[in-house]
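Undergrad: Start counting the sequence shown at 1; every next residue gets the next number (UniProt numbering).
Glycine included, C-beta positions come from ideal geometry on N, C-alpha and C.
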Amino acid sequence: MASQIVLLSTPFLIFSLLAHASFLASFAYSASNGAEVANGRKEAEALLEWKVSLDSQSQSLLSSWAGDSHCNWSGISCDRSGSVINISLPNSSLRGTLNRLRFSSFPSLIGLNLLNNSLYGSIPSHIGNLSKLTIVDLSVNNISGFIPSEIGMLKIGKLGSLTILDLSSNKLSGTIPTSLGNLRSLSALSFFNNSLVGPIIFIGNLTTSLTLLDLSSNKLTGTIPASLGNLGSLSELNLGNNNLGGPITFIRNLTTSLNKLGLSSNKLTGTIPASLGNLTTLSTLYLTDNNLFGPIPPEMNNLTHLLSGNLPQDVCLGGLLVYFAAFDNYFTGPIPKSLKNCNNLLRLRLERNQLSGNISDAFGTLHHLNYMDLSNNELHGDLSWTWEQFNNLSTLKISGNKISGEIPAALGKATHLQALDLSSNQLVGGIPKELGNLKLIELALNDNKLSGDIPFDVSSLSDLQTLGLAANNFSAMILKQLGKCSKMIFLNMSKNRFAGSIPAEMGSVQSLQRLDLSWNYLTGGIAPELGQLQRLEVLDISHNMLSGLIPTSFSRLKGLTKVDVSYNKLEGPIPDIKAFREAPFEAIRNNNNLCGNATGLEACATLMKNKTMHKKGSKVVIFTIIPLLCSLLGLIVGFVIFFQNRRTKRLMETPQSVRWCPDWELCYADIIEATEEFNSRYCIGTGGYGIVYKVVLPSEQVLAVKKFHQTPEVEMTGLKAFRSEIDVLMGIRHRNIVKLYGFCSHAKHSFLVYEFVERGSLRKVLNDEEQAVNMDWDKRLNLIKGVANALSYMHHDCSPRIIHRDISSNNVLLDSNYEAHVSDFGTARLLMPDASNWTSFAGTFGYTAPELAYTMKVDAKCDVYSFGVVALEVMMGKHPDQRLPPPENDLANGVAHVAKLVFACLQTDPHYRPTMLQVSTQLTARWPPLPKLFSRIELEDELVHRNVTGVDYIARLAFAFLHADVQPRPTMKQVASELTIRCFDRCFGLQKWHDRAEHLANHFVSTDLCIVILSLSLYPWLLE
């Protein structure tokens, strides 16, 4: 029985166990399902909470976001368990913030894409809690604030899986968090087009998985870190449009995977590294708009995949080049030869460099070329190209060169040409009539030597918007057909020989904004039809022979901002519009009785009253008895004398012309009171043109005032031209140029108001024992660089450029930190580019260029020579007996480099002198290394250098005699024999160096011999 019971209970037991297991499984499933439902409800609530925080239009766009089935809502993706894994709402016009989006409610979120919306506010820091997030794209929004550092903090639950982070085109500010370097899985990082600042320091911890890095269009500073070269998988790197400086050094570590590199629009210095040629897969390269100099390395020939960028002479050997851009740099030499028949080339941009050479045969078959800009270089030759081969060319710009010859008639065969700019060259002859067959939009021929008239019907150029013919020798009448150029915006025909009247048809050009007809021979009245030019902003008809009244229709020109009608024969009231009311006196002067509410003009009522009184007076004279006439005449003479004396006294008390910088408001009385009528006890210096006074204003502001020596009569004549220049001079702002705050012309005296510079002139400091000792080599090198930068700015960055004319140690002032400030612009002349100035001698003897003795032609090269003398004076200046110790290390390199540049500036032939831009660039670059420290150079070391030039040899050799210790210095016997026989023969080939050098050597100790050598090279007449 017991046995049966056991047999019967076994199936029952199995059944019971199965039933129990089924119950447990059912219970577990039920619990799991309940958790998923609860989590889904939580996510839906979080999404709805964010939706409510958006504006009403955004909420209507998310109308599908309703109910509990959030996985079916637009832009929402879920996994099998119903958890949100992707929020993707790009281009959805959403407006609001991310502050109400609870990221902690989406633990499974993988992707967040809110590209191109109108989101604003900051990025919530708790976004860093999403451990599974791999893609974040918040680009093209209005998000501001800082990038949260929590994104890169790799703790439990942080963004360790992130592969793509795109925050570009927002308004983010602050620095890039260093914690981003912890994102080891990152493959693409883009912060393009924000306002991020500071250095790039987060790169160090990134791994080789990064393939794209775009930090362009921000405000990043510092140098490019060398650790960028460790990113071995990088294929695209863009750091352009920032403020990054220093040399390009990170290239050497990069691998061949890089195919796009953008470094343009920064402040990078030095040369293009040869290691760039190792990036053989590079297809796009941007280096434009930096401070790079020197040659393009030949190693770039290896870049056979390069389709755009800056390349060497055989840039197009592969035949694949379509875009070549190297503008806004300092490249020299000829145009690459391989461009001549570069058949696939579409765009060529080489403007604003220092390229030279003959371009007469520089280009051949370029059927696909549509854009060419070679402006602002030093190219010469003619334009005898096979223009029929340029059948797709739409833009041609070769302005600012030395192109000569005539404009070829064959240019009319470039049938697609729309923009032609040949201005500022040396072209002669006339305009070929074939240009009238083109569909030109822009035609600029300014500043050449062209003559004749316009040979074609300009009305055929119906699309013409810009016509520039200024500064030529064109004659004849102004064409009436210009009135049919209905799209014309800019018209400049100034500085020619056009005659006749201004055609009334010009009033039909309703689109005209700028009209310049100045400096011609125009006669007659001003056509009233010009008052129809409602869009006109600038009008200049000065220096003609126009007569009559200014048309009343001009009162309708409300958009006119600048006008100049001076030096004509106009009369009557000026139009009552802002441009005339606020016009300076120089813009309306020298006419016949203009009147109205403007500076320097009488009121029209007063003028008419004077005319009426004059007529009545005439009748009285006719009908008055002769004795009474004599009595009245006596009274009139008495009154005239009385009022003339009052007027003279008033002129002596009132300034006749005043210019102040916009940031300054001084008055004549302030200066007079502060100097006690220019009392000599305030005098701090005297120069060839005036006396300098130190002025302390009541506000405790310290100024320097330079009062001219000139007598009142000479002064008022000489200052007429100077007034037009003073506004330009007050606009100069450079750290190494003394600021000009204002100018005042008075019947008794005229003066300039300058910034006060503490230590005074360089000459004064060099002659002061205590201050000269403090001027170590470092300060002297910085001083020379400062003067070079100032002159480079005046010559190359000012428009029109400024020639100083009197660079000397008296006109270089030093502040408390021995920083150089170039001073004395009272005699500076403003020159147009490539112009010269014929004038009387100006300058300081001993500093002026030798060619001034026979040409009297002042140009930029004269300043270069004077700079060389000043630089040499800084290096050789008279010191106390305790001379400066020999420079070492980088300072030694710098001194030798400056010496070499100094002798280049002192070339007798001005054509061989460098420009101040080249000098400034060389001084800014790193000094080339010396094989030995100056303190270790010995005479024998220099005599074995058979390949060095005379200038290099002398600059280096001079310091071989400056040993601090006596023993290493050579004896005078060695110097007299070795130096005169082996040095000067090789360096200069002049027998007369022997005797003179030996004679001088016997009168100087070894320490002073370098000064003897430098003096002989600077002043060769000592040998005669």
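So, residue 351 versus residue 376, is the Cβ gap smaller than 8 Å?
TA: Cβ distance < 8 Å, so residue 351 and residue 376 count as in contact.
Undergrad: Do the region 448-460 and the region 427-437 meet, that is, are 3 or more Cβ pairs less than 8 Å apart?
TA: yes
Undergrad: Bridge partners of residue 516, per DSSP?
TA: 492, 540
Undergrad: Exposed or buried, residue 814, counting other C-beta atoms within 10 Å across all chains shown (16 or more means buried)?
TA: buried
Undergrad: By Cβ distance, which residues of its chain are closer than 7 Å to residue 453, with the 5 residues on each side in sequence left out?
TA: Only 474, 475, 476 meet the Cβ criterion.
Undergrad: How long is the line joining the alpha carbons of residue 95 and residue 495, rounded to whole angstroms?
TA: 57 Å
Undergrad: Near residue 670, which residues of its chain fall below 7 Å by C-beta distance, leaving aside the five closest residues on each side in sequence?
TA: 697
Undergrad: Is DSSP giving residue 894 helix, strand or coil here?
TA: helix
Undergrad: From residue 750 to residue 579, what distance separates their C-alpha atoms?
TA: 30 Å
Undergrad: Taking only three categories from DSSP, how would you classify residue 324?
TA: strand
Undergrad: Out of curiosity, what's the CA-to-CA distance linking residue 739 and residue 702?
TA: 13 Å
Undergrad: Do residue 195 and residue 218 have their CB atoms nearer than 8 Å?
TA: yes
Undergrad: Is the region 280-298 close to the region 256-263, with three or more CB pairs under 8 Å?
TA: With three or more CB-CB distances shorter than 8 Å, the region 280-298 counts as touching the region 256-263.
Undergrad: Can you tell me the Cα-Cα spacing of residue 582 and residue 465, whole angstroms?
TA: 29 Å
Undergrad: Taking the alpha-carbon positions, what's the residue 83 to residue 164 distance?
TA: 22 Å
Undergrad: Could you check the C-alpha separation between residue 441 and residue 419 for me, to the nearest Å?
TA: 6 Å
Undergrad: For residue 192, name the three-state secondary structure that DSSP assigns.
TA: coil
Undergrad: According to DSSP, is residue 798 helix, strand or coil?
TA: Three-state DSSP puts residue 798 in coil, outside helix and strand.
Undergrad: Quick check for students: name the residue ranges of the alpha helix (DSSP H) that lie wholly in the region 387-464, counting only runs of 4 or more.
TA: none
Undergrad: Short check: CB of residue 138 to CB of residue 114, under 8 Å?
TA: yes
Undergrad: Are there 16 or more other CB atoms within 10 angstroms of the CB of residue 329, so buried, or fewer, so exposed?
TA: buried
Undergrad: Do residue 134 and residue 167 have their CB atoms nearer than 8 Å?
TA: It is not a contact, given that the beta carbons lie outside the stated cut-off.
Undergrad: Can you tell me whether DSSP reads residue 354 as helix, strand or coil?
TA: The three-state reading of DSSP puts residue 354 in strand, counting E and B together.
Undergrad: For residue 364, does the count of other Cβ atoms within 10 angstroms reach 16, so buried, or fall short, so exposed?
TA: exposed
Undergrad: Ignore the nearest five residues each way along the sequence and tell me which others in residue 492's own chain have a CB closer than 6 Å to its CB.
TA: 468, 470, 516
Undergrad: Look at residue 396 and residue 427 and say whether their C-beta atoms are less than 8 Å apart.
TA: no
Undergrad: Indicate, with yes or no, if the ligand ATP has a heavy atom lying under 7 Å from the CB of residue 740.
TA: By its list of ligands, the structure shown contains no ligand whatsoever, and the ligand ATP lies outside what it can speak to.
Undergrad: Note down, in chain order, each residue of its chain lying with its Cβ closer than 6 Å to the Cβ of residue 869, except the 5 sequence neighbours on either side.
TA: 847
Undergrad: Under the three-state reduction of DSSP, which class applies to residue 911: helix, strand or coil?
TA: The DSSP-derived three-state label of residue 911 is helix.
Undergrad: Mind reading off the beta-carbon distance from residue 589 to residue 600? Whole number of angstroms is fine, and I expect it under 8 Å.
TA: 7 Å
Undergrad: Taking only three categories from DSSP, how would you classify residue 571?
TA: strand
Undergrad: In the DSSP assignment, find the unbroken alpha helix (DSSP H) run with residue 670 in it and report its ends.
TA: 668-675
Undergrad: Name the residue from 443, 384, 423, 409 whose alpha carbon lies nearest to the alpha carbon of residue 402.
TA: 423
Undergrad: Among 844, 769, 390, whose alpha-carbon lies nearest the alpha-carbon of residue 863?
TA: 844
Undergrad: Whose CA, out of 248, 772, 280, lies closest to the CA of residue 271?
TA: 248
Undergrad: Quick one: what does DSSP say residue 485 is sitting in, helix, strand or coil?
TA: coil
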